[in-house]
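Participant: Following this message is one structure expressed as structure tokens.
In the numbering used here, the protein residues as written are 821 to 1223.
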């Protein structure tokens, strides 16, 4: 939730840094040209008719798409981390030119960009650029990426990342310490489009405070392990309690203080994770709008108002579930307040994970969006796509009506 730009992203020469500027200037120049538009209309019409004839012919002769060409112009590229190497649509730094051609095909233009430090640039449809040096990829740029797609992907990424989790136009980074790969996502380009840059980071990147904090969060995110890898039991109550207490502390500090929270350390279900992220963002925005964030959270305590926490184990076909009810007290800089919170916890591959989370307090976010005084007893509720879709609609409606 912090806006920032790290002081140094890449250990480049001055000429190398001009790559991005050259790309942006080229786009601006192209977008402003209107000369001889009628010629392009005629050419476009002819090309369109030719393409239609070609496509119809291809459909008749072969119904299988060309896998090498079908990825051209992607606005929703895949992003993955494989053994510390970041991949953007199946390509990583150091891959040979032939690997780019194998995935994206031979329909590219070769440009020589002065001052880039590269031998040449492979350009696909003006929205993907691969900078090649000694036959190896050293920089990848994807332009006009789908913003909603990437923000969702970024929020769900459980590795080393730096940047805001909201939907604003902030720079975001995914980083790998093992290989020094860094993926930068920015809208500081013409038309506020979203660009992705995959390159190498300078070694001193870890001197940046935001990257130091991101590393601390990763290191401090514990893994809560079940007593028995194969099943859940009442013996897991203490570990489940510690997990729920920790997530509540991180949650309220995220809501009030704007601190980062690594939901992936506690929640395995993507639907619940996304709902919780939206819940956090909504409340933080509301407190910020009303100038309440100065009243930051100092601590989160359990059972300090004469009520102790409760736990109950229920056996079922999926290995059992723990129900926990935690009377939570949130202590701000000035004053405090209480919110009783309920959790359902399962054992997933030997790891304790939260499968449902509900705060039963009047005027709480869950109270107003999910409903009042609910009975939390369905550990599979977030797998119900119909229910999740209805809840998503309620979240959108709620956010719009309040704001």
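Beta carbons: idealized from backbone N, C-alpha and C, even for Gly. These numbers were taken from a predicted model, which means no experiment stands behind them.
On the DSSP bridge assignment, give the partners of residue 1001 in chain order.
Facilitator: For the purposes of this step, residue 1001 is identified with residue 181 of the chain shown, where counting begins at 1. Note: residue 1001 sits in a beta bridge opposite 996 and 1020.
Participant: Could you pull the DSSP bridge partners for residue 894 from this structure?
Facilitator: As a position in the chain shown, residue 894 is number 74, starting the count at 1. Per DSSP, none; premise fails for residue 894.
Participant: Let me know the secondary structure DSSP gives residue 1166 once reduced to three states.
Facilitator: The residue given as residue 1166 occupies position 346 in the chain shown. Residue 1166 falls in the strand class under three-state DSSP.
Participant: Quick one: which unbroken alpha helix (DSSP H) runs of 4-plus residues sit fully inside the segment 1087–1128? Chain order, please.
Facilitator: Counting only runs of 4 or more, we get 1090–1109.
Participant: Within the continuous beta strand (DSSP E) that includes residue 1187, where are the two ends?
Facilitator: Position 367 of the chain shown, counted from the first residue, corresponds to residue 1187. From DSSP, residue 1187 is part of no beta strand (DSSP E) but of the alpha helix (DSSP H) over 1185–1189.
Participant: Between the alpha carbons of residue 1138 and residue 1019, how many angstroms are there, rounded?
Facilitator: Mapped onto the chain shown, residue 1138 falls at position 318. Mapped onto the chain shown, residue 1019 falls at position 199. C-alpha separation (whole angstroms): 44 Å.
Participant: Could you spell out where the alpha helix (DSSP H) holding residue 1063 opens and where it closes?
Facilitator: Mapped onto the chain shown, residue 1063 falls at position 243. It spans 1057–1077 - the alpha helix (DSSP H) in which residue 1063 sits, taken as one unbroken run.
Participant: Among the candidates 1046, 997, 1213 and 1074, whose CA atom is the shortest distance from the CA of residue 1169?
Facilitator: As a first step, residue 1169 must be located in the chain shown, where it is residue number 349. Comparing Cα positions, the closest option is 1046.
Participant: Could you check whether the segment 1097–1117 touches the segment 1149–1156, counting it as contact only if at least three pairs of C-beta atoms, one from each stretch, sit closer than 8 Å?
Facilitator: Yes: at least three Cβ pairs fall under 8 Å.
Participant: Less than 7 Å between the beta carbons of residue 1087 and residue 1093, yes or no?
Facilitator: Taking the chain shown and counting its residues from 1, one reaches residue 1087 at position 267. Taking the chain shown and counting its residues from 1, one reaches residue 1093 at position 273. In contact: residue 1087 and residue 1093 (Cβ atoms closer than 7 Å).
Participant: Excluding five sequence neighbours on each side, which residues of the same chain lie with their C-beta closer than 6 Å to the C-beta of residue 1075?
Facilitator: Position 255 of the chain shown, counting from 1, holds the residue named residue 1075. Contacts found: 1100, 1103 and 1104.
Participant: Mapping the DSSP letters down to three states, classify residue 1219 as helix, strand or coil.
Facilitator: The count along the chain shown starts at 1 and reaches residue 1219 at position 399. Looking at residue 1219 - three-state DSSP - the assignment turns out to be helix.
Participant: Does the distance between the C-beta of residue 913 and the nearest non-hydrogen atom of the ligand SAH fall short of 6 Å?
Facilitator: Because no ligand of any kind appears in the structure shown, any question about the ligand SAH cannot be addressed here.
Participant: Could you have a look at residue 1144 and say whether DSSP puts it in helix, strand or coil?
Facilitator: Sequence index remark: in the chain shown, residue 1144 carries index 324 (1-based). The answer is strand: DSSP assigns residue 1144 an E or B state.
Participant: So the candidates are 918, 917, 900 and 916; which of them puts its Cα closest to the Cα of residue 910?
Facilitator: Within the chain shown, numbered from 1, the residue matching residue 910 stands at position 90. Residue 900 is the option with its Cα nearest to residue 910.
Participant: Just checking my contact of residue 905 with residue 999 at CB under 8 Å: how many whole Å lie between their CB atoms?
Facilitator: Position 85 of the chain shown, counted from the start, is the residue given in the question as residue 905. Position 179 of the chain shown, counted from the start, is the residue given in the question as residue 999. With a Cβ gap of about 5 Å, residue 905 and residue 999 count as contacting.
Participant: Output the boundary residues of the alpha helix (DSSP H) element that contains residue 923.
Facilitator: For the purposes of this step, residue 923 is taken as residue 103 along the chain shown, with counting starting at 1. That run of the alpha helix (DSSP H) goes 917–924.
Participant: What does a CB cutoff of less than 6 Å around residue 917 pick up in its chain, not counting 5 residues either side in sequence?
Facilitator: Along the chain shown, one-based indexing puts residue 917 at 97. For residue 917, where only same-chain residues beyond five positions count, the Cβ hits under 6 Å are 952 and 955.
Participant: Can you name, in chain order, every residue of its own chain whose Cβ lies under 6 Å from the Cβ of residue 883, other than the five neighbours on each side?
Facilitator: Numbered from its first residue, the chain shown carries residue 883 at position 63. Residue placement at residue 883 is poorly supported in this model, since its pLDDT is 38, which falls under 50; the coordinates are not used for a value here.
Participant: Taking just the CA atoms, how far does residue 1073 sit from residue 978?
Facilitator: The count along the chain shown starts at 1 and reaches residue 978 at position 158. The count along the chain shown starts at 1 and reaches residue 1073 at position 253. Their backbone Cα atoms lie some 19 Å apart in a straight line.
Participant: So what does DSSP say about residue 882, is it helix, strand or coil?
Facilitator: Locating residue 882 in the chain shown gives position 62, where the first residue counts as 1. Bear in mind that a pLDDT of 40 at residue 882, under 50, signals an unreliable position, so the number given afterwards is only what the model happens to contain. Residue 882: coil per DSSP, three-state reduction.
Participant: Per DSSP, what are the beta-bridge partners of residue 1176 in this structure?
Facilitator: Residue mapping note: residue 1176 aligns to position 356 of the chain shown, counting from 1. Answer is 1164, bridged to residue 1176.
Participant: Expressed to the nearest angstrom, what Euclidean distance is found between the alpha-carbon atoms of residue 964 and residue 948?
Facilitator: Position 144 of the chain shown, counted from the start, is the residue given in the question as residue 964. Position 128 of the chain shown, counted from the start, is the residue given in the question as residue 948. Spanning the two alpha carbons is a distance of roughly 9 Å.
Participant: Look up residue 964 in the DSSP assignment and say whether it is helix, strand or coil.
Facilitator: Translated into positions along the chain shown, residue 964 becomes position 144. Coil.
Participant: Please name the residue or residues paired with residue 1152 in a DSSP beta bridge.
Facilitator: Stepping through the chain shown from its first residue, residue 1152 is reached at position 332. BP columns for residue 1152 point to 1117.
Participant: Between the Cα of residue 1023 and the Cα atoms of 1162, 1001, 1144 and 1054, which residue gives the shortest distance?
Facilitator: One-based indexing of the chain shown puts residue 1023 at position 203. Checked all of 1162, 1001, 1144 and 1054; the closest Cα to residue 1023 is 1001.
Participant: Which residues mark the beginning and the end of the beta strand (DSSP E) in which residue 940 is found?
Facilitator: In the chain shown, the residue the question calls residue 940 occupies position 120. From DSSP, the beta strand (DSSP E) with residue 940 extends over 940–944.
Participant: CB-CB under 8 Å to residue 1043, same chain, minus the five flanking residues each way: which ones, in chain order?
Facilitator: Residue 1043 sits at position 223 when you count from the first residue of the chain shown. Hits under 8 Å: 1085 and 1171.
Participant: Please report how far the alpha carbon of residue 1177 lies from the alpha carbon of residue 1140, in whole angstroms.
Facilitator: Your numbering for residue 1177 matches position 357 in the chain shown. Your numbering for residue 1140 matches position 320 in the chain shown. So the two alpha carbons sit approximately 17 Å from each other.
Participant: Can you say whether residue 990 is buried or exposed, counting buried as having 16 or more other CB atoms within 10 angstroms of its CB?
Facilitator: Here residue 990 corresponds to residue number 170 of the chain shown, with the count starting at 1. Burial call: buried.
Participant: So what does DSSP say about residue 1047, is it helix, strand or coil?
Facilitator: Position 227 of the chain shown, counted from the first residue, corresponds to residue 1047. Three-state result, residue 1047: coil.
Participant: Select from 1035, 1053 and 957 the residue whose C-alpha is nearest the C-alpha of residue 993.
Facilitator: Numbered from its first residue, the chain shown carries residue 993 at position 173. The candidate whose alpha carbon is nearest that of residue 993 is 1035.
Participant: If you count every other CB in all the chains shown that lies within 10 Å of the CB of residue 915, and 16 or more means buried, which is it?
Facilitator: Taking the chain shown and counting its residues from 1, one reaches residue 915 at position 95. That one is buried.
Participant: Please report how far the alpha carbon of residue 1049 lies from the alpha carbon of residue 1166, in whole angstroms.
Facilitator: Translated into positions along the chain shown, residue 1049 becomes position 229. Translated into positions along the chain shown, residue 1166 becomes position 346. Residue 1049 and residue 1166: Cα-Cα distance of roughly 11 Å.
Participant: What are the residues that DSSP puts in a beta bridge with residue 970?
Facilitator: Within the chain shown, the letter at position 150 stands for residue 970. In the DSSP output, where bridge partners are listed per residue, residue 970 has none listed.
Participant: Whole angstroms is fine: what's the gap from residue 1130's alpha carbon to residue 1175's?
Facilitator: Start at 1 with the first residue of the chain shown, and residue 1130 comes out as number 310. Start at 1 with the first residue of the chain shown, and residue 1175 comes out as number 355. Taking the straight line from one Cα to the other gives about 17 Å.
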